[in-house]
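Residues 7 to 60 (the numbering used here) make up the sequence shown, in order. What follows is a short report on a single structure.
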Amino acid sequence: MGLASRLDDDWLAGMSSCRLGALHDQVGRHEKALGYHATSFTFAEKIGRPRMIS
């Protein structure tokens, strides 16, 4: 997420956030996972590709 922010790369930020959400979900941190998934969806909407991440 830090690299994506420094590069100002919304696609990378969205995909990173989506993956972090999946990892948190796998270890039972569902609330944190939901936050990451919501963030990834926001990035996907921003770049005009919400189905890419969903």
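In this text, a Cβ means the ideal position worked out from N, Cα and C, and glycines have one as well.
Problem set entry | Gly20 in three-state terms, based on DSSP | helix
Exercise. With contact counted as at least three CB pairs below 8 Å, one residue from each stretch, are the segment 45-52 and the segment 8-22 in contact?
Worked result: yes
For this session: Give a single yes or no on whether Ala19 has its beta carbon closer than 6 Å to a heavy atom of the ligand PLP.
Result: Only the bare structure without any ligand can be found here, which leaves the ligand PLP out of the picture.
Problem set entry | Length of the line joining the Cα atoms of Ser11 and Glu37 | 23 Å
Problem set entry | Reduced DSSP category for Asp31 - H, G, I as helix; E, B as strand; rest coil | Here Asp31 sits in helix by DSSP.
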